[in-house]
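Asks:
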Amino acid sequence: MFKKIDKKKWYSIKLFLFIVPFLVLVVLFSYYPLYGWMYAFYDYKPPKPLSEAPFVGVKWFKFMVENPVRVEQLKQVLINTFVMSGITLSTSWIPMLFAVFMNELHRVRFRKFVQTVTTLPNFISWVLVYSVAYNIFNSDGMVNSLLVDKWHLIQEPILFLQDSSHVWLTQWLWLTWKNLGWAAIMYIAAISSIDEELFQAAKVDGATRMQQIRYITIPSLLPTFFVLLMMNIGNFLSNGMEQYYVFQNAFNKEYIQVLDLYVYTLSTVKGGYPLSVAVSMLKSVVSVILLVVANGISKLTRGESFL
Amino acid sequence: MTEIRVKKKKIHQSFGDTMLSVFCYVFFAICAFLCLYPFYYIFINTISANDLSARGDILFWPKGIHFKNYKSAFGISGLFQAAKISVMRTVIGTIGTVSASAFLGFMFSQEKMWHRKLWYRIVIATMYFNAGIIPWFLTMQTLHLTNNFWGFVLPAIVSPFHIVLTKTFVESIPKELQEAAEIDGAGIMTVFFKVMLPVIKPIMATVAIFAAVNQWNAFQDALLLITSNTKLYPLQLVLYNYLNQASSIKALANTSSSSSLAAAAATTQTATSIRMTITVIVVLPIMMVYPFFQKYFVKGIMIGAVKG
Chain A
-11 MFKKIDKKKW YSIKLFLFIV PFLVLVVLFS YYPLYGWMYA FYDYKPPKPL
39 SEAPFVGVKW FKFMVENPVR VEQLKQVLIN TFVMSGITLS TSWIPMLFAV
89 FMNELHRVRF RKFVQTVTTL PNFISWVLVY SVAYNIFNSD GMVNSLLVDK
139 WHLIQEPILF LQDSSHVWLT QWLWLTWKNL GWAAIMYIAA ISSIDEELFQ
189 AAKVDGATRM QQIRYITIPS LLPTFFVLLM MNIGNFLSNG MEQYYVFQNA
239 FNKEYIQVLD LYVYTLSTVK GGYPLSVAVS MLKSVVSVIL LVVANGISKL
289 TRGESFL
Chain B
28 MTEIRVKKKK IHQSFGDTML SVFCYVFFAI CAFLCLYPFY YIFINTISAN
78 DLSARGDILF WPKGIHFKNY KSAFGISGLF QAAKISVMRT VIGTIGTVSA
128 SAFLGFMFSQ EKMWHRKLWY RIVIATMYFN AGIIPWFLTM QTLHLTNNFW
178 GFVLPAIVSP FHIVLTKTFV ESIPKELQEA AEIDGAGIMT VFFKVMLPVI
228 KPIMATVAIF AAVNQWNAFQ DALLLITSNT KLYPLQLVLY NYLNQASSIK
278 ALANTSSSSS LAAAAATTQT ATSIRMTITV IVVLPIMMVY PFFQKYFVKG
328 IMIGAVKG
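Order-wise, the sequence lines are chains A and B. What the first sequence shows, in this note's numbering, is residues -11 to 295, in sequence order. What the second sequence shows, in this note's numbering, is residues 28 to 335, in sequence order.
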């Protein structure tokens, strides 16, 4: 009897042992770095090791809210982050409509073509997106050579990429160009799972296609929309740095720096490590709280969590 | 009688419906154009006469076709090396991620595993938090993975999103399959290799595509990790550097000056032609792979949507 239990136990531990090497990787690359948050409390200056750095407590956190230059900078960074995430959040219904209208294309081959082509930009890197932007909108790019040399509409090339007054909007446009088709796929899948009989019944009742969209398709997509919206809220502070890093230049710097990019920029400044860690630490904590709150809202209103 | 009526209804579409159709076809034709044309524009410019290209003459079809841009691109120092790094990290990284995802997806579906749920949660939780780039960089430094090729590959091996995909797929397979093999005396590894692997091939293909695209496109890790050994720069980083070095790169590729002047103007590399050529080289693998594997991408996001 005992032997049998032992055997079972041994088997279950054996199964566990197989995944240990992978758990080690997870701990090394995802959990161990959390220890690095310590650096936010020291006056750390590489290459000296942390053990030789003086402990300064919450100096860097205070620095963030007391040093007037930093306060100004941080304020602008937060505004940029909030505005750009806000634009993304408030336009997150666009992929849904995109999918709804794509579903109205009844020529299957054309629809497939459109779907393939519009999802393509999602799979190229931000560097390549920037390269496309550069080749088309640069001072000697396609648009300017058309406007200046070919059609003689203007004398001086327009510096689209250096423009600082519409950064938020143009960044949103590039993001949309890259993501829209891909974001719509989730909704296309959801549309294909709507009961066909609903549409048949509506047709019999004389509903136009617009009415079908309004009373059948969109209401059935709202749950999906809601889940994705909550996820977006959870990611509100995390715009990622790649897009803004590649598009940034001396002229648009002020308005393009989002939190993720700011953390990186700080880290490249001499002696900026502790401050950078402090900012990213605050960001992480707030992000996790946002995620939990969004998940809580999802649980309360729809009875299911997405975590 | 009823059939005829139904048919009539289809023919007499309401005005609004016709407008909707027209709107949709026009709108999506524009969308498709906006997504495809930039790549086409860049491509035709790389194979056209460079002097025409510089004047903005190449808009819809190539003129004065030549392939010298590509020939000389291989002469640019560092580009070939970068391509090698990109290919290597894509191949090795993809193999690593796919194997680990398949194995872990399978193992995490083994209900008998000791504290299975706990380990699974520990792995999945890493999707939702991030220590930040400095702590991550310092960790990599401690592990001697900065300026090291394996720094691209090892952190990507355990990828929670891909594990969720495979686990969901494995769980959709009837349990009897494994039980039958176990009754026949198969151990857990035999079950995995002989029974499970052949069945989960479709989801492995999906993961492979995602992982390969991620590796090929990865930019940030190289930006952070490669501080001194520029031989390890992947293509993406090299492309970025070229974009930012504007005109000084002209000198890099213009080594030959033998042909006559007129011909030279058409094939002499300009900063723009070099940028565009590198862009095509970097984007081409994705363009070639993408249409054929699109169904795998779509499958992946749909499985992922079921269990996020």
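In this text, a Cβ means the ideal position worked out from N, Cα and C, and glycines have one as well. On a predicted model such as this, the values are computed, not experimentally measured, just so you know.
May I have the straight-line CA-CA distance separating I184 (chain B) from K194 (chain B), to the nearest angstrom?
Replies: Looking at the two C-alpha atoms, the distance is approximately 16 Å.
Asks: Given that a residue counts as buried once 16 or more other Cβ atoms are within 10 Å of its Cβ, and exposed if not, what is E144 (chain A)?
Replies: So E144 (chain A) counts as exposed.
Asks: Candidates B:A152, B:Y260, B:P318: which alpha carbon is nearest Q108 (chain B)'s?
Replies: Checked all of B:A152, B:Y260, B:P318; the closest Cα to Q108 (chain B) is B:Y260.
Asks: Could you tell me how far apart the beta carbons of V251 (chain A) and S268 (chain A) are, in whole angstroms, since I believe they sit closer than 8 Å?
Replies: V251 (chain A) to S268 (chain A), Cβ: 4 Å. Contact.
Asks: Which partner residues of F107 (chain B) appear in the DSSP bridge assignment?
Replies: Bridge partners of F107 (chain B): none, in fact.
Asks: Using the beta-carbon of each residue, which ones in chain A are nearer than 7 Å to F54 (chain B)?
Replies: Going along chain A in sequence order, the residues near F54 (chain B) (Cβ under 7 Å) are F89.
Asks: Just checking, does the stretch 79 to 97 of chain A make contact with the stretch 170 to 190 of chain A on the three C-beta pairs under 8 Å criterion?
Replies: Touching, yes, given that three or more Cβ pairs across the two stretches are closer than 8 Å.
Asks: Among the residues of its own chain, which have a CB less than 7 Å from the CB of W88 (chain B), if the five just before and after it don't count?
Replies: Closer than 7 Å at Cβ, skipping near neighbours: I71.
Asks: Around the C-beta of L209 (chain A), are 16 or more other C-beta atoms found within 10 angstroms, so that it is buried, or is it exposed?
Replies: When all chains shown are included, L209 (chain A) counts as buried.
Asks: For F43 (chain A), name the three-state secondary structure that DSSP assigns.
Replies: Reduced to three states, the DSSP call for F43 (chain A) is strand.
Asks: Which stretch, first to last residue, makes up the alpha helix (DSSP H) that contains N157 (chain B)?
Replies: Premise fails: N157 (chain B) is in no alpha helix (DSSP H) and is neither H nor E.
Asks: Going by Cα to Cα distance, which pick from A:P9, A:L38, A:F10, A:K33 is closest to T23 (chain A)?
Replies: Inspection of the sequence shows that residue 23 (chain A) is occupied by Tyr rather than by Thr. Looking at the Cα atoms, A:L38 is the closest of the given residues.
Asks: What does a CB cutoff of less than 8 Å around A190 (chain A) pick up in its chain, not counting 5 residues either side in sequence?
Replies: Here the set comprises Q199, Q200, Y203, I204.
Asks: Quick check on the burial criterion: 16 or more other C-beta atoms within 10 angstroms. Buried or exposed for M315 (chain B)?
Replies: M315 (chain B) is exposed by the Cβ-count criterion.
Asks: With DSSP run on the structure shown, which of helix, strand or coil describes Y97 (chain B)?
Replies: If DSSP states are grouped into helix, strand and coil, Y97 (chain B) belongs with the helices.
Asks: Could you name each continuous alpha helix (DSSP H) segment of 4 residues or more that falls completely within the stretch 83 to 171 of chain A, going from the start of the chain to the end?
Replies: Correct list: 96 to 107, 114 to 125.
Asks: Under the DSSP definition of a beta bridge, which residues are partnered with Y30 (chain A)?
Replies: Bridge partners of Y30 (chain A): A:F43.
Asks: Is there a Cβ of chain B sitting closer than 8 Å to that of E92 (chain A), yes or no?
Replies: Judged by the 8 Å Cβ criterion, E92 (chain A) is in contact with chain B.
Asks: Exposed or buried, N271 (chain B), counting other C-beta atoms within 10 Å across all chains shown (16 or more means buried)?
Replies: Exposed, by the Cβ-count rule.
Asks: Looking at S113 (chain B): is its Cβ nearer than 8 Å to the Cβ of W243 (chain B)?
Replies: Yes, they are a contact pair.
Asks: Along chain B, in chain order, which residues have C-beta atoms closer than 8 Å to that of S208 (chain A)?
Replies: The contacting residues do not exist; S208 (chain A) stays about 15 Å from chain B at best.
Asks: Please state the DSSP three-state secondary structure of L288 (chain A).
Replies: It is helical.
Asks: In this structure, does DSSP put W141 (chain B) in helix, strand or coil?
Replies: In the structure shown, W141 (chain B) sits in coil (DSSP, three-state: anything other than H, G, I, E or B).
Asks: In chain order, what residues of the same chain have a beta carbon less than 8 Å from the beta carbon of I142 (chain A), not counting five sequence neighbours either side?
Replies: Correct list, in chain order: L135, V136.
Asks: Taking 8 Å as the limit between beta carbons, can you name the residues of its chain near K322 (chain B), skipping five residues before and five after?
Replies: Answer for K322 (chain B): no residue qualifies.
Asks: Exposed or buried, P262 (chain A), counting other C-beta atoms within 10 Å across all chains shown (16 or more means buried)?
Replies: By the neighbour-count rule (16 or more Cβ atoms within 10 Å), P262 (chain A) is buried.
Asks: Could you give the DSSP three-state label for G327 (chain B): helix, strand or coil?
Replies: Reduced to three states, the DSSP call for G327 (chain B) is helix.
Asks: Which residue from A:S113, A:N123, A:S293 puts its Cα closest to that of L233 (chain A)?
Replies: First, the residue type needs correcting, since residue 233 (chain A) is Tyr and not Leu in the sequence shown. Nearest of A:S113, A:N123, A:S293 to Y233 (chain A), Cα basis: A:S113.
Asks: With a threshold of 7 Å on Cβ separation, who are the neighbours of S293 (chain A) within its own chain once the five nearest residues in sequence on each side are excluded?
Replies: Counting only Cβ-Cβ distances below 7 Å, and skipping sequence neighbours, we find N283, S286, K287.
Asks: Please state the DSSP three-state secondary structure of W177 (chain B).
Replies: Reduced to three states, the DSSP call for W177 (chain B) is helix.
Asks: Does any CB atom of chain A fall closer than 8 Å to the CB of Q137 (chain B)?
Replies: Yes - at least one Cβ of chain A is within 8 Å of the one on Q137 (chain B).
Asks: Which residues in chain A sit within 7 Å of F156 (chain B), going by Cβ to Cβ distance?
Replies: Residues of chain A passing the Cβ test: S272, V276.
Asks: Is the CB of M329 (chain B) under 8 Å away from at least one CB in chain A?
Replies: Cβ-Cβ to chain A under 8 Å: yes for M329 (chain B).
Asks: So with CB distances below 7 Å, who are the chain B contacts of W156 (chain A)?
Replies: Neighbours of W156 (chain A) on chain B: none; closest Cβ ~20 Å, over 7 Å.
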